[in-house]
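Line by line, the protein sequences give chains L and R. For the first sequence, position 147 (counting from the first letter as 1) is numbered 147 according to my numbering, and the numbering increases by one without interruption. Heads up, my numbering is the position in the second sequence plus 1000, with the first residue counted as 1.
Protein chains: 2
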Amino acid sequence: MASENYKTAPQPETTTSWEKEPARPPVAQPRPPPASHLALVDVVLRFLLFASALVAVLVMVTSKQTEIVPIPFYPFKAPASAKFTHSPAFIYFVAALSVVGFYGIITSLISLFSLLRPRSCPKVVSHFVIFDVLFLGVVAAATGTAGGVAYIGLKGNSHVGWRKICNVYGDFCRHIGASVAVSLFASVVLVLLVLFSIRSLTKKIPK
Amino acid sequence: MASENYKTAPQPETTTSWEKEPARPPVAQPRPPPASHLALVDVVLRFLLFASALVAVLVMVTSKQTEIVPIPFYPFKAPASAKFTHSPAFIYFVAALSVVGFYGIITSLISLFSLLRPRSCPKVVSHFVIFDVLFLGVVAAATGTAGGVAYIGLKGNSHVGWRKICNVYGDFCRHIGASVAVSLFASVVLVLLVLFSIRSLTKKIPK
């Protein structure tokens, strides 16, 4: 709708006015140019990153399950719990996804603020891509670590005598698997964020 | 040295001549402009990526170790091997690093060719950053997966009864650890490649 108002109003050389008058104060431009679709996609993807990281952490930390399992003294059984703190891989997963979720909500708010007021912080959002690349590595590594350990829990490893546990702790394994899947989605969101940042950089380069 | 010749020779408006004469044939420009340092860094980093992926794969596939270990029939012992094919995580690791090493040598050759003949394929190298981002996710996930499984082999997990194997298969574990460390280096190289690509894109944007 804003772009239609632009077309009807008489505005000579609107697109290049900022190049010719760099010292023009912001109060002289009450209506900023319509926001790019890429900026809106950036906000949505960052919120998706926050949401997926939050879901992955919550599903992982609520995975505790207690079952009655046989103990070495044959006829007796005892309750035993499976929870994510029993594996360093899952602890790393929760730590990494918590940091990424925090990063996601902070940057989505800054990106939304930058979308609503484009002249307030023009440079900040373009620098997020550096952290996006770093966090992509962190989230992908966390997903791989948790997935590798979860796969041993699901299938076991007969070569070294690691028995599977998912036949006993089914709910625990379902939580772990869902959490890893959501974390994989967060990795894809981070890849898309980096690619969109590169796309918006490429669009600024003159032909 | 090429830049000094540029300064001494009388060349009016050398830096903007390509903008004003886009239809000038290549034979009229026998001396291309000096290559950017960023392009040289790109070639070196891509070769480092290839070398580190190759080393990681070679160290992993040569990790086989055979030891005399006790078998369930108590007084007897038998030889048993540990090799990377016993774990799906290590197979994924070898597959991922092989693909990345192949990608590294191909792109380093193209990047070197583009460095020597800048006008032959100006757009190709700038598109590598998309695959760099994707392969960063793949290598980071492979590093995390192999690292997570290797950590169980090193420390075991008493909660689920997974015993450690590195006290028996020491050489095998050293190979795995070295391979994961080199793979981590490859991940860092990929992060640097993406950041340098973004940096070179940012330099092309007019102020």
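Idealized CB from N, CA, C, for every residue including glycine.
Open item on the list: Please state whether the Cβ-Cβ distance between R/Ala1140 and L/Ala140 is less than 8 Å.
Closed with: Taking 8 Å as the cut-off, the Cβ atoms of R/Ala1140 and L/Ala140 count as close.
Open item on the list: For a contact defined as C-beta to C-beta under 8 Å, what are the partners of R/Leu1134 on chain L?
Closed with: Simply Val191.
Task: Own chain residues within Cβ distance below 6 Å of L/Ser197, not counting five before or after - done: Taken in chain order, the residues that qualify are Val129.
Open item on the list: What would DSSP say about L/Val188, mapped onto helix, strand or coil?
Closed with: Correct three-state label for L/Val188: helix.
Task: C-beta neighbour in chain C for R/Ala1140, strict 8 Å - done: You won't find chain C in this structure, because its protein chains are L and R.
- [ ] Kindly list the residues whose CB is nearer than 6 Å to the CB of L/Arg209, restricted to its own chain and excluding five residues on each side of it in sequence; keep chain order.
- [x] For residue 209 of chain L there is no data in the structure shown, the boundaries of chain L being 1 and 207.
TODO: Using the DSSP secondary-structure output, state which residues sit across from R/Val1194 in a beta bridge.
DONE: Note: R/Val1194 sits in no beta bridge, so no partner.
- [ ] Verify whether the separation of the beta carbon atoms of R/Leu1115 and R/Leu1040 is less than 8 Å.
- [x] Between R/Leu1115 and R/Leu1040, the C-beta spacing is below 8 Å.
Task: Helix, strand or coil at R/Ala1028 according to DSSP, with G and I counted as helix - done: Here the model assigns R/Ala1028 a pLDDT of 48, short of 50, so the residue's position is not dependable and the matter cannot be decided.
TODO: Return the chain-ordered list of same chain residues with a C-beta closer than 8 Å to the C-beta of L/Ala178, the five sequence neighbours on each side being excluded.
DONE: If we look at L/Ala178 and ignore the five residues flanking it on each side, its Cβ neighbours are Val59.
Open item on the list: Quick check: L/Thr143 and L/Leu184, are their CB atoms within less than 8 Å of each other?
Closed with: Taking 8 Å as the cut-off, the Cβ atoms of L/Thr143 and L/Leu184 count as close.
- [ ] Output yes if chain L places a C-beta closer than 8 Å to the C-beta of R/His1086; else output no.
- [x] It does; some Cβ of chain L falls within 8 Å.
Task: Range of the contiguous beta strand (DSSP E) that encloses R/Lys1164 - done: From DSSP, R/Lys1164 is part of no beta strand (DSSP E); its letter is neither H nor E.
Open item on the list: I want to verify the contact list: residues of chain L whose CB lies under 9 Å from the CB of R/Ser1187, in sequence order.
Closed with: The contacting residues are Gly137, Ala140 and Ala141.
- [ ] Report the partner residues of R/Ala1080 according to the DSSP bridge assignment.
- [x] Beta-bridge pairing links R/Ala1080 to R/Glu1067.
- [ ] Look at the alpha carbon of R/Val1182 and the alpha carbon of L/Tyr74, and state the distance between them as a whole number of angstroms.
- [x] In a straight line, the C-alpha of R/Val1182 is about 46 Å away from that of L/Tyr74.
Open item on the list: Can you list, in chain order, the residues of its chain with a C-beta nearer than 8 Å to that of R/Trp1162? Leave out the 5 residues immediately preceding and following it.
Closed with: Apart from the 5 residues on each side of it in sequence, R/Trp1162 sits with its Cβ closer than 8 Å to the Cβ of Ile1152 and Gly1156 in its chain, given in chain order.
Open item on the list: Looking at chain L, is there any beta carbon in it that lies within less than 8 Å of the beta carbon of R/Arg1163?
Closed with: Yes, because at least one Cβ of chain L sits closer than 8 Å to the Cβ of R/Arg1163.
TODO: Give the interface partners of R/Thr1202 over in chain L, defined as CB-CB distance under 7 Å, in chain order.
DONE: Correct list: Leu201.
Open item on the list: Could you check whether the Cβ of R/Val1194 sits closer than 8 Å to any Cβ belonging to chain L?
Closed with: Chain L contact via Cβ: present.
Task: Chain-ordered residues of the region 1086-1107 of chain R with a beta carbon less than 8 Å from chain L - done: So the list reads His1086, Ser1087, Pro1088 and Ala1089, given in the order they occur along the chain.
TODO: Determine the burial state of L/Phe294: buried for a count of at least 16 other Cβ atoms within 10 Å of its Cβ, exposed for fewer.
DONE: Coverage of chain L is limited to positions 1 through 207, which leaves residue 294 of chain L absent and any answer about it impossible.
Task: 9 Å Cβ cut-off: residues of chain R touching L/Pro70 - done: Chain R residues near L/Pro70: none, gap ~12 Å exceeds 9 Å.
Task: Exposure label - L/Ser63; buried when at least 16 CB within 10 Å - done: Within a 10 Å sphere around the beta-carbon of L/Ser63 sit 16 or more other beta-carbons, which makes this residue buried.
TODO: Could you name the residues of the same chain whose beta carbon sits closer than 6 Å to that of R/Trp1018, not counting the 5 residues immediately before and after it, in chain order?
DONE: Model confidence at R/Trp1018 stands at a pLDDT of 47, short of 50, so the residue's coordinates are unreliable and nothing is read from them.
- [ ] Please report how far the alpha carbon of L/Asp132 lies from the alpha carbon of L/Val69, in whole angstroms.
- [x] Separation of L/Asp132 and L/Val69 (C-alpha to C-alpha, rounded to the nearest whole angstrom) is 44 Å.
Open item on the list: Less than 8 Å between CB atoms is the rule here; does R/Pro1206 satisfy it with respect to chain L?
Closed with: Yes, its Cβ sits closer than 8 Å to a Cβ of chain L.
Task: Environment of R/His1175 [buried if 16+ CB atoms lie within 10 Å] - done: Sixteen is the threshold: when 16 or more other Cβ atoms of the shown chains lie within 10 Å of the Cβ of R/His1175, as they do, the residue is buried.
Open item on the list: How far does the alpha helix (DSSP H) with L/Gly104 in it extend, from its first residue to its last?
Closed with: Taken as a continuous stretch (DSSP letters only), the alpha helix (DSSP H) holding L/Gly104 covers Pro88 to Leu116.
Task: Outcome for R/Ala1002 when other beta-carbon atoms lying within 10 angstroms are tallied against a minimum of 16 - done: Caution applies to R/Ala1002, whose pLDDT of 43 falls short of 50 and renders its modelled position unreliable; the value that the coordinates give is listed next. Of the residues assessed, R/Ala1002 falls on the exposed side of the cut-off, its CB having fewer than 16 other CB atoms within 10 angstroms.
Task: Proximal residues of chain L, C-beta to C-beta of R/His1175 below 9 Å - done: Result: empty, since nearest Cβ-Cβ is about 15 Å, beyond 9 Å.
Open item on the list: Counting only C-beta atoms, is R/Val1057 closer than 8 Å to chain L at any point?
Closed with: It does not: the Cβ of R/Val1057 has no partner Cβ on chain L nearer than 8 Å.
- [ ] Could you work out which residues of chain L lie near R/Thr1066, taking near to mean beta carbons separated by less than 9 Å?
- [x] Going along chain L, no residue has its Cβ under 9 Å from R/Thr1066, so there is no contact; the nearest lies around 13 Å.
Task: Extent of the continuous alpha helix (DSSP H) to which R/Arg1046 belongs - done: Start and end: His1037 to Val1061.
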